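Worksheet: one structure, shown below.
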Amino acid sequence: MGGKVVTISSGKGGVGKTTATANLGISLASLGKKVVVIDADIGLRNLDVIMGLENRIVYDLVDIVEGRSKLRQAMIKHKKFDDLFLIPAAQTRDKMAVSPEDMVKLTDELREDFDYVLIDSPAGIERGFRNALEPADEVLIVTNPEVSAVRDADRIIGLIEAADKGPGKLIINRLKSDMVKKGEMLSSEDVFDILGLAIIGIIPEDELVLSASNSGVPVTLNMQSKAGMAFNNVARRVIGEDVPFMNLDENPGIFQRLVGLLNGR
Amino acid sequence: MSNLLSRLLGRTRKGSGATAKDRLRFVLQHDRINLPPERMEEMKREILAVIVKYLVVDQDRVEIDLEQRDRTHSKLTAEIPVAIHTPTAAKKAVENTVAAADSAGANGANNGADADSAEAEADSKPDEAEPAKDEKTDARGDDQEEADQKS
Ligand SMILES: Nc1ncnc2c1ncn2[C@@H]1O[C@H](COP(=O)(O)OP(=O)(O)O)[C@@H](O)[C@H]1O
Ligand SMILES: [Mg+2]
Chain A
1 MGGKVVTISS GKGGVGKTTA TANLGISLAS LGKKVVVIDA DIGLRNLDVI
51 MGLENRIVYD LVDIVEGRSK LRQAMIKHKK FDDLFLIPAA QTRDKMAVSP
101 EDMVKLTDEL REDFDYVLID SPAGIERGFR NALEPADEVL IVTNPEVSAV
151 RDADRIIGLI EAADKGPGKL IINRLKSDMV KKGEMLSSED VFDILGLAII
201 GIIPEDELVL SASNSGVPVT LNMQSKAGMA FNNVARRVIG EDVPFMNLDE
251 NPGIFQRLVG LLNGR
Chain B
1001 MSNLLSRLLG RTRKGSGATA KDRLRFVLQH DRINLPPERM EEMKREILAV
1051 IVKYLVVDQD RVEIDLEQRD RTHSKLTAEI PVAIHTPTAA KKAVENTVAA
1101 ADSAGANGAN NGADADSAEA EADSKPDEAE PAKDEKTDAR GDDQEEADQK
1151 S
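Next comes the structure, spelled out in structure tokens:
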């Protein structure tokens, strides 16, 4: 049946969809999968800079849909992984330039040659979200342990279920375990209690995510980063591995030793 | 002593994380059934107004609540303690009927409840049917006055 289309969505903006898409793309590629990531946030192109591919763009998603570019022409190969490609969003058009049917047609073509097609959904619940949702085989919902983000996630989950694309899986991003311990932040269990969806990833707050986006090298390529490791675990769960959730306790001693081990030090 | 202890324990457990969880539960309960809190209170008052037309109800112990097992299963439950029939109860029933007729009329007249009262009730326990009813009765009085002046 070919590859799988995985849409990364959230409702609320700024919770980490683009960060998650970039990192999952890299991790899946590093696990030997053939991957395309699509930036469906038309008008607010971002995935290209997060992946460090901004200066290679010639064509974009709307060019493909409107027939100005062949699919392969618009796909940008990653610098490090030969089997990882980006289809960038158009920057000067709006979301109405693409329809949900266009997305289905496009992804059906990609499915034939790739193991995973990841779609970075725009915020909101309108056309852009519909475009990203329609072709999805699976939806990952990114949220933060915070009232407004969880509320918006609940809304999105309802819409995903109504579109028969449910149940979806949760990525809880930017968790601060020290604050959870003090009772000053929703825990991942709290979010699970409230939303009732399976959790496929718990990503800690990590300053290295910002450094990574500054340099255009996603954090999962940084062995020092806990968030990077957590994203890598999500990718392994996506391909069906049974990976235990890592201990996010602030304990640099043990953590540094672990990283040292992984780096062969 | 044990009181102090439990208060201390209660406080340590109730960080802003727990508050966030409670607030989310509340807001999602209403989001999911698409019925805002104030409208729900209005519905409870209306339900009760119908029942007290026929039965003597112990209004302080009435509990009408929305239970949510998960995202897709919501259930409205009501526990409405009813007095058994005695001569005094019968007399009270007659009084209630009058009061209920009043408050039922008030609900229609006061549909767009003002923001002040909406907030007051979101914070209060859901089973305060009695004071809420008084509020509505007062509101009706105002409306009535206004109507009288116009005519
Ligand atoms: N785990 C994390 N730790 C720290 N910062 C993060 C983390 N995840 C995301 N961010 C930051 O949050 C901001 C929004 O992320 P982004 O992926 O662009 O969100 P979205 O695509 O949902 O709008 C970015 O500045 C990003 O660097
Ligand atoms: Mg984004």
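Protein sequences appear in the order of chains A and B.
According to the working numbering, the residues represented by the first sequence are 1 to 265, in order.
According to the working numbering, the residues represented by the second sequence are 1001 to 1151, in order.
Idealized CB from N, CA, C, for every residue including glycine.
Because the structure is a prediction, the values reported are computed rather than measured.
Per DSSP, cross-strand counterpart(s) of residue i
i, result
"F85 of chain A", "A:V36, A:K77"
"H1073 of chain B", "B:D1070"
"I8 of chain A", "A:D120, A:L140"
"E1063 of chain B", "B:E1079"
"N173 of chain A", "A:I203"
"V1057 of chain B", "B:V1082"
Contact under 8 Å by Cβ, residue i with residue j
i, j, result
"A123 of chain A", "S213 of chain A", "no"
"L140 of chain A", "I202 of chain A", "no"
"K95 of chain A", "R127 of chain A", "yes"
"T18 of chain A", "L53 of chain A", "no"
"M179 of chain A", "E134 of chain A", "no"
"L170 of chain A", "L208 of chain A", "no"
"T143 of chain A", "V191 of chain A", "yes"
"L106 of chain A", "V238 of chain A", "no"
"K34 of chain A", "D108 of chain A", "no"
"D154 of chain A", "L195 of chain A", "yes"
"A22 of chain A", "M51 of chain A", "yes"
"E112 of chain A", "G25 of chain A", "no"
"A132 of chain A", "T7 of chain A", "yes"
"P204 of chain A", "A235 of chain A", "no"
"V98 of chain A", "R1023 of chain B", "no"
"S188 of chain A", "I199 of chain A", "yes"
"G1017 of chain B", "E184 of chain A", "yes"
"P1074 of chain B", "I1033 of chain B", "Note on residue identity: the sequence assigns Ser, not Pro, to residue 1074 of chain B. Yes, these two residues count as a Cβ contact at 8 Å."
"V219 of chain A", "N233 of chain A", "no"
"A1078 of chain B", "I1064 of chain B", "yes"
"M1043 of chain B", "H1030 of chain B", "no"
"V1062 of chain B", "R151 of chain A", "no"
"L186 of chain A", "A1020 of chain B", "yes"
Contacts that residue i makes with chain B (C-beta to C-beta distance below 8 Å)
i, result
"E184 of chain A", "G1015, S1016, G1017"
"V238 of chain A", "Going along chain B, no residue has its Cβ under 8 Å from V238 of chain A, so there is no contact; the nearest lies around 23 Å."
"S187 of chain A", "G1017"
Distance cut-off 7 Å: residue i Cβ against heavy atoms of ligand 2
i, result
"N131 of chain A", "no"
"D60 of chain A", "no"
"T107 of chain A", "no"
"D41 of chain A", "yes"
"N46 of chain A", "yes"
"D120 of chain A", "yes"
"K169 of chain A", "no"
"K12 of chain A", "no"
"K17 of chain A", "yes"
Under 7 Å from the C-beta of residue i: neighbouring residues of chain B
i, result
"V150 of chain A", "L1024"
"I147 of chain A", "It is worth fixing the name first, because residue 147 of chain A is Val in this sequence and not Ile. Ordered by position in chain B, the residues that pass the 7 Å Cβ test against V147 of chain A are A1020, R1023, L1024."
Chain A contact residues for residue i, given Cβ-Cβ distances below 8 Å
i, result
"D1070 of chain B", "G196"
"D1031 of chain B", "R151, D154, R155"
Residues that residue i contacts on chain A, provided the C-beta gap is smaller than 7 Å
i, result
"L1028 of chain B", "R151, D154, I194"
Amino acids of chain B, ordered along the chain, whose beta-carbon sits closer than 9 Å to that of residue i
i, result
"D190 of chain A", "G1017, A1018, A1020, K1021, L1024"
"S177 of chain A", "The contacting residues do not exist; S177 of chain A stays about 12 Å from chain B at best."
"V180 of chain A", "G1017"
Any non-hydrogen atom of ligand 1 within 7 Å of residue i CB
i, result
"V205 of chain A", "With the sequence shown as reference, residue 205 of chain A is identified as Glu, and Val is not the correct amino acid for it. Answer for E205 of chain A: yes, Cβ within range of ligand 1."
"R174 of chain A", "yes"
"A123 of chain A", "yes"
"L210 of chain A", "yes"
"V142 of chain A", "yes"
"A227 of chain A", "yes"
"S27 of chain A", "no"
"S213 of chain A", "yes"
The region 33–43 of chain A contacting the region 115–122 of chain A, beta-carbon criterion three pairs below 8 Å: Flag = yes, the region 33–43 of chain A and the region 115–122 of chain A touch.
Sufficient close CB pairs (3 or more, under 8 Å) joining the region 209–229 of chain A to the region 1052–1062 of chain B: No: the two stretches stay apart, fewer than three of their Cβ pairs being nearer than 8 Å.
The region 53–68 of chain A: positions lying closer than 8 Å to chain E by Cβ: Absence of chain E from the displayed structure is noted, the protein chains being A and B.
Validate contact between the region 78–94 of chain A and the region 55–66 of chain A using beta carbons, cut 8 Å, 3 pairs: Flag = yes, the region 78–94 of chain A and the region 55–66 of chain A touch.
Stretch pair the region 1036–1052 of chain B + the region 158–176 of chain A: three plus CB contacts closer than 8 Å: No, the region 1036–1052 of chain B is not in contact with the region 158–176 of chain A.
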